[in-house]
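Peer 1: Residue numbering for the sequence shown is 4 to 338, as defined by my numbering. Ideal placement from N, C-alpha and C gives every residue a C-beta, glycine not left out. This is the structure I want to talk about, given as structure tokens.
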Amino acid sequence: MTMTKLIHQRGMSLVELMVAMVISLFLSAGLFTMFNMSSSNVTTTSQFNQLQENGRIALTLMERDINQLGFFGDLTGTEMILNTNTTNSATAVTSDCVGGGVNNETFPENVPAHFRRLWGFEYKTTVEINCNSALTPDKGTDIIQVKRLMGPSLAAADLESNRYYASVTSNEIEFFNGSATPPTKLNSRLWEYQHHVYFVETDNNIPVLKRRSLNISNGMSNEEQLVEGIENLRFMYGFDNDGDSTPDVFLPAEDVSTFMWDNQGFQRLVAVKIFVLVRSVQPDRTYSNDVTYTLGDKEISGASSANSSDPNYEHYRRRVMSTTVVLENPVLIRT
């Protein structure tokens with residue numbers, strides 16, 4: 004007789020299967036939560052790094068330019084008076100940006116007024132700088148205008164035909180085209196002349212730090228996009244009231260008088276504080292910004308703004324960065 008041993012196989016019961024499914028569900032939920040937190044941390048870290056980098060670049064670009072404000076080679080520290088110590092044989096600027104004050108075009112004018120190498124304003128309702136190629140900054144942001152020579156000095160063979168230059172000695176300056184033969188002056192040096200206007204303008208809901216610069220063919224209509232994510236600019240101007248070459252008070256542009264812009268009396272401009280409000284380029288819908296940011300003397304809310312057309316206004320991360328620029332050139336700190 005053949006004996007057959009029967010092996011009984013037993014599967015999972017319905018209760019055991021349901022318990023296993025519940026445990027798997029909790030494990031899956033935990034893994035999803037960890038993945039979501041990790042993804043959120045990556046987004047947050049990336050955006051904070053972006054804020055830091057964009058703000059640093061913006062401040063460096065403006066600081067480097069403003070630090071050399073008033074530099075005019077060997078004539079630095081001397082008032083430029085057309086047809087006295089200043090000659091202009093350069094082509095007229097066809098699309099100029101003219102700032103406030105009587106003598107605030109690209110080149111000095113033949114008028115009895117100080118030639119402004121620096122000037123600024125906050126755009127509230129009117130753009131106070133007249134550019135033939137219209138300037139369209141964001142409201143509530145500052146605009147600054149800077150004019151100076153660019154170093155180092157150049158040889159005649161290095162001049163570019165589409166740029167303006169100046170031949171400078173210790174007692175006179177002559178502006179000329181790069182395509183022309185440089186003026187012959189005893190002990191003169193040649194420098195590029197530049198006029199910059201910094202402002203913020205939003206393109207496709209992305210605020211951008213922009214700059215107008217000067218050349219012969221386009222005048223001041225050359226517009227450069229410098230840094231994305233710069234949402235607001237604020238400049239505070241430091242004036243020395245007692246002659247010790249250190250700022251005694253910092254004022255916004257709207258509180259600076261014509262007398263002070265012209266560095267008359269003891270109210271001399273010796274420093275500029277630069278504040279930038281940096282914003283992430285992309286919104287984060289999981290983040291709501293209710294922080295109030297201080298830029299010098301004014302505050303800006305990160306919460307939803309009635310003045311913003313961007314529906315994601317409150318979902319951007321932001322950061323304020325600042326620096327103080329000491330103006331060392333004698334034109335701004337002369338006694």
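#1: Under three-state DSSP, which class holds residue 52?
#2: Check whether the stretch 155-164 touches the stretch 183-194, taking contact to mean three or more Cβ pairs, one atom from each stretch, closer than 8 Å.
#3: If you compare alpha carbons, which of 119, 320 and 235 is closest to residue 302?
#4: Helix, strand or coil for residue 243? Go by DSSP, reduced to three states.
#5: Using the Cα positions of residue 293 and residue 243, report the straight-line distance between them to the nearest angstrom.
#6: My output table needs one value for residue 68: the three-state DSSP class, helix, strand or coil.
#7: What does a CB cutoff of less than 6 Å around residue 252 pick up in its chain, not counting 5 residues either side in sequence?
#8: If you pair each beta-carbon of the stretch 215-230 with each one of the stretch 247-265, do three or more pairs fall below 8 Å?
#9: Whole angstroms are fine: how far does the CA of residue 204 sit from the CA of residue 304?
#10: Considering only residues of the same chain and omitting the five flanking positions on each side of residue 197, which have a CB-CB separation below 7 Å?
#11: Is the separation between the beta-carbon of residue 107 and that of residue 114 shorter than 8 Å?
#12: Can you list, in chain order, the stretches of the beta strand (DSSP E) that have 3 or more residues and sit fully within the stretch 169-247?
#13: Out of 281, 314 and 312, point me to the one whose CA is closest to residue 298's CA.
#14: Mind checking whether residue 61 and residue 157 have CB atoms under 8 Å apart?
#15: Taking 8 Å as the threshold (C-beta atoms), are residue 76 and residue 171 in contact?
#16: Starting from the Cα of residue 263, find the closest Cα among 33, 167 and 104 and give me that residue.
#17: Assign residue 335 to buried or exposed, taking buried as 16 or more other Cβ atoms, counted over all protein chains shown, within 10 Å of its Cβ.
#18: Got a sec? Which residues, its chain only, sit under 8 Å from residue 321 by beta carbon, not counting five neighbours each side?
#19: Let me check understanding here. Comparing Cα to Cα, which of 128, 155 and 120 lies closest to residue 147?
#20: May I ask which residues mark the beginning and end of the alpha helix (DSSP H) holding residue 263?
#21: Who are the near neighbours of residue 338 in its chain, counting only those whose CB is closer than 8 Å to its CB and skipping five residues on each side?
#22: Measuring straight from C-alpha to C-alpha, what distance separates residue 272 and residue 188?
#23: Taking the alpha carbon of residue 330 as the point to measure from, which residue in 314, 52, 190 and 79 has its own alpha carbon closest?
#24: Let me check one thing: in DSSP terms, what residues is residue 125 bridge-paired to?
#25: For residue 250, count neighbouring C-beta atoms within 10 Å of its own C-beta (all shown protein chains included) and say buried if the count is 16 or more, exposed if not.
#26: Mark residue 155 as exposed unless 16 or more other C-beta atoms lie within 10 angstroms of its C-beta, in which case mark it buried.
#27: Would the beta-carbon of residue 232 be found less than 7 Å away from any heavy atom of the ligand ATP?
#28: Using only the alpha-carbon positions, how far apart do residue 133 and residue 94 sit?
#29: Can you grab the Cα-Cα spacing for the pair residue 124 / residue 131, in whole Å?
#30: Which runs of the alpha helix (DSSP H) fall wholly inside the stretch 312-336 and span at least 4 residues, in chain order?
#31: Identify whether residue 57 lies in helix, strand or coil by the three-state DSSP scheme.
#32: What is the residue span of the beta strand (DSSP E) that residue 273 lies within?
Peer 2: Quick look at the numbers:
#1: On the sequence shown, position 49 is the one that residue 52 refers to. Residue state, collapsed to three classes: helix.
#2: Yes: the two stretches touch, three or more of their Cβ pairs being nearer than 8 Å.
#3: As a working note, residue 302 is residue 299 in the sequence shown. Of 119, 320 and 235, the residue nearest in Cα terms is 235.
#4: Here residue 243 corresponds to residue number 240 of the sequence shown, with the count starting at 1. Reduced to three states, the DSSP call for residue 243 is strand.
#5: By 1-based counting over the sequence shown, the position of residue 293 is 290. By 1-based counting over the sequence shown, the position of residue 243 is 240. For residue 293 and residue 243, the distance between alpha carbons rounds to 37 Å.
#6: Residue mapping note: residue 68 aligns to position 65 of the sequence shown, counting from 1. Reduced to three states, the DSSP call for residue 68 is helix.
#7: The sequence position of residue 252 within the sequence shown is 249, counting from 1. Within the same chain, residue 252 has close Cβ partners 242.
#8: no
#9: Looking up residue 304 in the sequence shown gives position 301. Looking up residue 204 in the sequence shown gives position 201. Straight-line Cα distance between these residues: approximately 19 Å.
#10: The count along the sequence shown starts at 1 and reaches residue 197 at position 194. Excluding residues within five positions, the ones whose Cβ falls inside 7 Å are 151, 153, 216 and 217.
#11: Position 104 of the sequence shown holds residue 107. Position 111 of the sequence shown holds residue 114. No, the Cβ-Cβ distance between residue 107 and residue 114 is not below 8 Å.
#12: 176-180, 192-206, 209-218, 222-231 and 233-243
#13: Within the sequence shown, the letter at position 295 stands for residue 298. Considering only alpha carbons, the answer is 281.
#14: Looking up residue 61 in the sequence shown gives position 58. Looking up residue 157 in the sequence shown gives position 154. Their beta carbons are not under 8 Å apart, which means residue 61 does not touch residue 157 by this criterion.
#15: In the sequence shown, the residue the question calls residue 171 occupies position 168. In the sequence shown, the residue the question calls residue 76 occupies position 73. Closer than 8 Å, so yes.
#16: One-based indexing of the sequence shown puts residue 263 at position 260. Of 33, 167 and 104, the residue nearest in Cα terms is 104.
#17: On the sequence shown, position 332 is the one that residue 335 refers to. Low local confidence applies: a pLDDT of 48 at residue 335 is under 50, so the model's placement there is unreliable, with the coordinate-based value given in what follows. Flag for residue 335 reads buried.
#18: As a first step, residue 321 must be located in the sequence shown, where it is residue number 318. If we look at residue 321 and ignore the five residues flanking it on each side, its Cβ neighbours are 54, 234, 280, 281, 282, 283, 292, 294, 296 and 305.
#19: Counting from 1 along the sequence shown, the entry for residue 147 is found at position 144. Sorting 128, 155 and 120 by C-alpha distance to the C-alpha of residue 147 places 120 at the top.
#20: Here residue 263 is taken as the residue at index 260 of the sequence shown, counted from 1. Under the DSSP assignment, residue 263 falls in the alpha helix (DSSP H) whose first and last residues are 261-264.
#21: Residue 338 sits at position 335 when you count from the first residue of the sequence shown. Residue placement at residue 338 is flagged as unreliable, the pLDDT there being 44, under the threshold of 50; a coordinate-derived value is accordingly withheld.
#22: Here residue 272 is taken as the residue at index 269 of the sequence shown, counted from 1. Here residue 188 is taken as the residue at index 185 of the sequence shown, counted from 1. Going by the C-alpha atoms only, they are around 32 Å apart.
#23: To locate residue 330, count along the sequence shown from 1; it is residue 327. Its Cα nearest to that of residue 330, the residue 79 stands out among 314, 52, 190 and 79.
#24: In the sequence shown, counting from the first residue as 1, residue 125 sits at position 122. Residue 125 is bridged to 145.
#25: In the sequence shown, the residue the question calls residue 250 occupies position 247. By the 10 Å Cβ count, residue 250 comes out buried.
#26: As a first step, residue 155 is located in the sequence shown; it is residue number 152 there, counting from the start. With fewer than 16 other Cβ atoms within 10 Å, it is exposed.
#27: Within the structure as shown, the ligand ATP is missing, as the structure has no ligands at all.
#28: Locating residue 133 in the sequence shown gives position 130, where the first residue counts as 1. Locating residue 94 in the sequence shown gives position 91, where the first residue counts as 1. The straight-line gap from Cα to Cα measures roughly 19 Å.
#29: Start at 1 with the first residue of the sequence shown, and residue 124 comes out as number 121. Start at 1 with the first residue of the sequence shown, and residue 131 comes out as number 128. So the two alpha carbons sit approximately 7 Å from each other.
#30: 333-336
#31: Counted from its first residue, the sequence shown places residue 57 at position 54. If DSSP states are grouped into helix, strand and coil, residue 57 belongs with the helices.
#32: The sequence position of residue 273 within the sequence shown is 270, counting from 1. Start and end: 271-282.
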